[in-house]
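Trainee: Per our numbering, the sequence shown starts with residue 4, numbered consecutively.
I have a structure here, written as structure tokens, and I will follow up with some questions on it.
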Amino acid sequence: MHISSKDIEKNGSNVRQNFLRALEAVKKISHDFIVITGDLGHDVDDNGYAWLKSKLSGLKYFVIPGNHDISESLAEGFGLNGSIYDGKIFYKERIGGHDFIFADTSIEWLDIKMLDKLIDRKGKKGNTFLFMHHPPSLCNAKHMDTYYPLSNHIEATEFLNNCDQIEHVFCGHYHTAHQVKNDKFTIHIGPSTWYQIGRKLKKFNIRHTRPGYTIIDIDDKVKVKNYFL
Ligand SMILES: [Fe+2]
Numbered sequence: 004m005h006i007s008s009k010d011i012e013k014n015g016s017n018v019r020q021n022f023l024r025a026l027e028a029v030k031k032i033s034h035d036f037i038v039i040t041g042d043l044g045h046d047v048d049d050n051g052y053a054w055l056k057s058k059l060s061g062l063k064y065f066v067i068p069g070n071h072d073i074s075e076s077l078a079e080g081f082g083l084n085g086s087i088y089d090g091k092i093f094y095k096e097r098i099g100g101h102d103f104i105f106a107d108t109s110i111e112w113l114d115i116k117m118l119d120k121l122i123d124r125k126g127k128k129g130n131t132f133l134f135m136h137h138p139p140s141l142c143n144a145k146h147m148d149t150y151y152p153l154s155n156h157i158e159a160t161e162f163l164n165n166c167d168q169i170e171h172v173f174c175g176h177y178h179t180a181h182q183v184k185n186d187k188f189t190i191h192i193g194p195s196t197w198y199q200i201g202r203k204l205k206k207f208n209i210r211h212t213r214p215g216y217t218i219i220d221i222d223d224k225v226k227v228k229n230y231f232l
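Following this line, the structure appears as structure tokens:
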């Protein structure tokens, strides 16, 4: 989202309008809950949390921090003070018989020990779904893989390849909309509502500024589809 406290236009798109357009589209679709996968604010001390909260009021939603957020401020803004451990937001929700884990990677690093504590190792194979801002592995997107990857992506990938409970990981951060299969799990990167980045070039390049969102349909199978306005 990258919302600031002011209504501004950046990189060729109106940041707030783009978010609202995506939100309006999502509201029209029957859903159990919405997940906002990090970088809610753009500047750590000039975020638009109050504005975002007002737009999300009445909806069932969960948030995780991204590298542009400060976990303490986000927790304060969204009532997550009880989910802060060692300065990081980690929590789990059980909905419709599935476990959903929300993990903090705001310092570009995943606390694997903390994640491990939240996983029910006796839980059914593939029945735990992980949301984290950064993709846990490099994702075949040159600019982001080169300059902004998760710093411990090698350890995170190894951990998830040895965790039967998690088969799907949902992320943001890369400003792309694509999926990457690993040995034992799939990474689903959802688009930004601000702008999308091309995957082929190492240098920063905006592919388009249409806001996007992802629909995740969990039934016997897991179906994931990205949409752009
Ligand atoms: Fe990010």
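Here a beta-carbon is modelled for each residue, glycine too, at the ideal position from N, C-alpha and C.
Can you list every residue whose CB sits closer than 5 Å to some heavy atom of ligand 1, going in chain order?
Mentor: 42, 69, 70, 176
Trainee: Starting from the C-beta of residue 180, find all residues in its chain whose C-beta is less than 8 Å away, skip the five residues before and the five after it, and write them out in chain order.
Mentor: Residue mapping note: residue 180 aligns to position 177 of the sequence shown, counting from 1. Correct list, in chain order: 192, 193, 194, 199, 215, 217, 229, 231.
Trainee: For the pair the segment 39-54 and the segment 67-74, tell me if three or more CB-CB distances fall below 8 Å.
Mentor: They touch, by the three-pair rule.
Trainee: Consult DSSP for residue 22 and reduce its assignment to one of helix, strand or coil.
Mentor: Indexing the sequence shown from 1 puts residue 22 at position 19. Helix at residue 22.
Trainee: Could you give the uninterrupted runs of the alpha helix (DSSP H) lying entirely in the segment 108-171, keeping only those of 4 residues or more?
Mentor: 115-121, 145-150, 156-164
Trainee: Is residue 99 buried or exposed, if buried means 16 or more other CB atoms sit within 10 Å of its CB?
Mentor: Stepping through the sequence shown from its first residue, residue 99 is reached at position 96. Per the 10 Å Cβ criterion, exposed.
Trainee: Within 10 angstroms of the Cβ of residue 82, are there 16 or more other Cβ atoms? Answer buried if so, exposed if not.
Mentor: Along the sequence shown, one-based indexing puts residue 82 at 79. That one is exposed.
Trainee: Using the DSSP secondary-structure output, state which residues sit across from residue 229 in a beta bridge.
Mentor: Position 226 of the sequence shown, counted from the start, is the residue given in the question as residue 229. Beta-bridge pairing links residue 229 to 217.
Trainee: With 16 as the cutoff for other CB atoms within 10 Å, does residue 15 come out buried or exposed?
Mentor: For this step, residue 15 is matched to residue 12 along the sequence shown. Flag for residue 15 reads exposed.
Trainee: So, at 8 Å on beta carbons, what are the nonlocal neighbours of residue 72 in its own chain, with the 5 sequence-adjacent residues on each side left out?
Mentor: Numbered from its first residue, the sequence shown carries residue 72 at position 69. The answer, listed in chain order, is 41, 42, 43, 44, 47, 50, 109.
Trainee: What residue from 53, 122, 134, 84 has the CA that sits closest to residue 165's CA?
Mentor: Stepping through the sequence shown from its first residue, residue 165 is reached at position 162. Ranking 53, 122, 134, 84 by Cα distance to residue 165 puts 122 first.
Trainee: Could you tell me the distance, in whole angstroms, from the CA atom of residue 155 to the CA atom of residue 149?
Mentor: One-based indexing of the sequence shown puts residue 155 at position 152. One-based indexing of the sequence shown puts residue 149 at position 146. Whole-angstrom Cα-Cα distance: 14 Å.
Trainee: Under the DSSP definition of a beta bridge, which residues are partnered with residue 13?
Mentor: Translated into the one-based positions of the sequence shown, residue 13 becomes position 10. Answer by DSSP bridge pairing, in chain order: 16.
Trainee: Which residue comes first and which comes last in the alpha helix (DSSP H) that contains residue 56?
Mentor: Position 53 of the sequence shown, counted from the first residue, corresponds to residue 56. Looking at the DSSP string, the run of the alpha helix (DSSP H) that includes residue 56 is 52-59.
Trainee: Is residue 152 closer than 8 Å to residue 190 when the C-beta atoms are compared?
Mentor: What you label residue 190 is simply residue 187 of the sequence shown in a count that begins at 1. What you label residue 152 is simply residue 149 of the sequence shown in a count that begins at 1. Contact: no.
Trainee: Would you mind stating whether residue 132 and residue 106 have Cβ atoms separated by less than 8 Å?
Mentor: Looking up residue 132 in the sequence shown gives position 129. Looking up residue 106 in the sequence shown gives position 103. For residue 132 and residue 106, no; Cβs fall outside 8 Å.
Trainee: Exposed or buried, what is residue 125 when buried is set at 16 or more other beta-carbons lying within 10 Å of its beta-carbon?
Mentor: Translated into the one-based positions of the sequence shown, residue 125 becomes position 122. Counting Cβ neighbours within 10 Å, residue 125 comes out exposed, since fewer than 16 surround it.
Trainee: Going straight from the alpha carbon of residue 159 to that of residue 111, what length do you get?
Mentor: Within the sequence shown, the letter at position 156 stands for residue 159. Within the sequence shown, the letter at position 108 stands for residue 111. Within the model, the alpha-carbon separation for residue 159 versus residue 111 is close to 12 Å.
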